[in-house]
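A.B. asks: Residue numbers (this note's numbering): 103 to 414.
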Ligand code: PEP
Ligand code: MG
């Protein structure tokens, strides 16, 4: 990552690519300075809850967010509200056992059903001193009402605290939100595509089941068409769209995203030099033609071959 630090994400065609990093622990943030990443594109707040043995009190949450912002040293941070449920179970919350946790009360659904929990998290974020570089992102949104309700909740708390509500966006990680991205992009401040879950839900293949590895391929044309729709709708409404799933960290897949028009990526910092190198080297290709080609292909292998032929 150090090798691209001074290029400031400008590719050979003179366009700006924003490279952010994903994190969930304070100790990861030293890589932010080392790497020169633009900021934290996804901060997984649930990690504090997952590594704790008891429910983190509001004071602990406040301290945690404060240390994240301090460690980010002036760079922007997108805090994703709790994404508990599914593969991220927290015993001390004593949540009901579900038959299909991935299709259950997870992400924003859990926050909206447990408003005390949501309240203490939002208050902890909004009382931090660096509000001007914070954005709030809601996970597992699948209906317009999920977003409106969440936004109203944060706005109400911001009013109570007498602070300005930060920009609020959603993760697109359900087929429902990908298909109505036109509607979402009219009302949200930004979108980040969570390709780990989006792939799992489009392909109906549990992301944790290694026997299903060949189904969990974000280069499947169904997944790429969904992503393409989200990028096009966001562009049309002039809102920032990024990808923060693992797909961004794979140079071949990241190149597919670039061809679809993506300009903002959030990834593991160690992947960034490879991704930047590939985007940079091939930034002068005719993206529209390659986009048309890959969106008309019938499986991930064909798409992968097309991309590898270009970048090898
Ligand atoms: C995703 O689903 O792509 C994502 C970034 O969220 P997580 O991996 O934390 O579920
Ligand atoms: Mg997810």
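Think of the CB as a built atom: it goes at the ideal place given N, C-alpha and C, for glycine as much as any other residue.
(1) Give a single yes or no on whether residue 144 has its beta carbon closer than 8 Å to a heavy atom of the ligand PEP.
(2) Listed by chain order, which residues have C-beta atoms less than 5 Å from any heavy atom of the ligand NAD?
(3) For the 8 Å Cβ check, are there 3 or more pairs between the segment 191–209 and the segment 226–239?
(4) Decide if residue 141 is buried, meaning its Cβ has at least 16 other Cβ atoms within 10 Å, or exposed.
(5) Regarding residue 319 and the ligand PEP, is the C-beta to nearest heavy atom distance less than 8 Å?
(6) With 16 as the cutoff for other CB atoms within 10 Å, does residue 186 come out buried or exposed?
(7) For the candidate residues 143, 179, 109 and 137, whose alpha-carbon lies nearest to that of residue 368?
(8) Would you kindly report the start and end of the unbroken alpha helix (DSSP H) that includes residue 124?
(9) Where does residue 156 land, buried or exposed, given buried means 16+ other C-beta within 10 angstroms?
(10) Would you call residue 336 buried or exposed, if buried means 16 or more other Cβ atoms sit within 10 Å of its Cβ?
(11) For residue 294, count the other beta carbons within 10 Å of its own beta carbon; 16 or more makes it buried, fewer makes it exposed. Which is it?
(12) Kindly say whether residue 277, judged by its beta-carbon, lies nearer than 9 Å to any beta-carbon of chain B.
(13) Considering only residues of the same chain and omitting the five flanking positions on each side of residue 466, which have a CB-CB separation below 6 Å?
(14) Return the first residue and the last residue of the alpha helix (DSSP H) that residue 354 is part of.
(15) Looking at the ligand PEP, does it come within less than 8 Å of residue 248, judged from the CB to the closest heavy atom?
(16) Quick one: is residue 254 buried, meaning 16 or more other Cβ sit within 10 Å of its Cβ, or exposed?
(17) In whole angstroms, what is the alpha-carbon distance linking residue 327 and residue 397?
(18) Determine whether the beta carbon atoms of residue 122 and residue 385 lie at a separation below 9 Å.
(19) Nearest-angstrom Cα distance between residue 75 and residue 380?
(20) Quick one: does the C-beta of residue 337 sit closer than 8 Å to a heavy atom of the ligand PEP?
(21) Beta carbon of residue 311: closer than 8 Å to some heavy atom of the ligand PEP?
(22) Alpha carbon to alpha carbon, what distance is there between residue 150 and residue 364?
(23) So, using beta-carbon positions, are residue 238 and residue 265 closer together than 9 Å?
(24) Could you please give the first and the last residue of the uninterrupted alpha helix (DSSP H) stretch that includes residue 410?
(25) Do residue 241 and the ligand PEP come close, with the Cβ less than 8 Å from some heavy atom?
(26) What does the alpha-carbon distance come out to for the pair residue 208 and residue 191?
(27) Here's the rule: buried if 16 or more other CB atoms are within 10 angstroms of the residue's CB, otherwise exposed. What is residue 321?
(28) I think residue 181 touches residue 240, with their Cβ atoms under 8 Å apart; what is that distance to the nearest whole Å?
C.D. replies: By the coordinates alone:
(1) Indexing the chain shown from 1 puts residue 144 at position 42. Result yes, Cβ under 8 Å from the ligand PEP.
(2) As presented, the structure is devoid of the ligand NAD, carrying the ligand PEP and the ligand MG as its sole ligands.
(3) no
(4) Within the chain shown, the letter at position 39 stands for residue 141. That one is buried.
(5) Translated into positions along the chain shown, residue 319 becomes position 217. With a cut-off of 8 Å, the C-beta of residue 319 is classified as distant from the ligand PEP, since no heavy atom of the ligand falls inside that distance.
(6) Working through the chain shown from its first residue, we reach residue 186 at position 84. The C-beta of residue 186 has 16 or more other C-beta atoms within 10 Å across all chains shown, which makes the residue buried.
(7) Reading the chain shown from its first residue, position 266 is the one you call residue 368. Among 143, 179, 109 and 137, the Cα nearest to that of residue 368 is on 143.
(8) Here the question's residue 124 lines up with position 22 in the chain shown. Per DSSP, residue 124 belongs to no alpha helix (DSSP H); it is in the beta strand (DSSP E), 120–125.
(9) By one-based count along the chain shown, residue 156 stands at place 54. Exposed.
(10) Working through the chain shown from its first residue, we reach residue 336 at position 234. Looking at its Cβ environment, which holds 16 or more other Cβ atoms inside 10 Å, residue 336 is buried.
(11) In the chain shown, counting from the first residue as 1, residue 294 sits at position 192. Looking at its Cβ environment, which holds 16 or more other Cβ atoms inside 10 Å, residue 294 is buried.
(12) Looking for chain B here will not work: only one protein chain is present.
(13) Residue 466 lies beyond the stretch modelled for the chain, which goes from 103 to 414, so this question has no answer here.
(14) Counting from 1 along the chain shown, the entry for residue 354 is found at position 252. First-last of the alpha helix (DSSP H) with residue 354: 353–361.
(15) Within the chain shown, numbered from 1, the residue matching residue 248 stands at position 146. Proximity of the beta carbon of residue 248 to the ligand PEP is not indicated: no heavy atom of the ligand is located closer than 8 Å.
(16) To locate residue 254, count along the chain shown from 1; it is residue 152. That one is exposed.
(17) Here residue 327 is taken as the residue at index 225 of the chain shown, counted from 1. Here residue 397 is taken as the residue at index 295 of the chain shown, counted from 1. Rounded to the nearest angstrom, the two C-alpha atoms are 6 Å apart.
(18) On the chain shown, residue 122 is found 20 positions in, with the first residue counted as 1. On the chain shown, residue 385 is found 283 positions in, with the first residue counted as 1. At the C-beta level, residue 122 and residue 385 stay beyond 9 Å of one another.
(19) Not covered by the structure: residue 75. The range shown for the chain is 103 to 414.
(20) Sequence index remark: in the chain shown, residue 337 carries index 235 (1-based). Residue 337 Cβ: outside cutoff for every heavy atom of the ligand PEP.
(21) Locating residue 311 in the chain shown gives position 209, where the first residue counts as 1. Flag unset: Cβ of residue 311 not near the ligand PEP.
(22) Here residue 364 refers to the residue found at position 262 of the chain shown. Here residue 150 refers to the residue found at position 48 of the chain shown. One C-alpha to the other measures close to 30 Å.
(23) Indexing the chain shown from 1 puts residue 238 at position 136. Indexing the chain shown from 1 puts residue 265 at position 163. It is not a contact, given that the beta carbons lie outside the stated cut-off.
(24) Looking up residue 410 in the chain shown gives position 308. Residue 410 -> alpha helix (DSSP H) spans 402–413.
(25) Sequence index remark: in the chain shown, residue 241 carries index 139 (1-based). Yes, since a heavy atom of the ligand PEP falls inside the 8 Å radius drawn around the Cβ of residue 241.
(26) What you label residue 208 is simply residue 106 of the chain shown in a count that begins at 1. What you label residue 191 is simply residue 89 of the chain shown in a count that begins at 1. Between residue 208 and residue 191, the C-alpha separation is close to 9 Å.
(27) Against the chain shown, residue 321 aligns to sequence position 219. By the neighbour-count rule (16 or more Cβ atoms within 10 Å), residue 321 is buried.
(28) Indexing the chain shown from 1 puts residue 181 at position 79. Indexing the chain shown from 1 puts residue 240 at position 138. Not really, about 10 Å apart at Cβ, beyond 8 Å.
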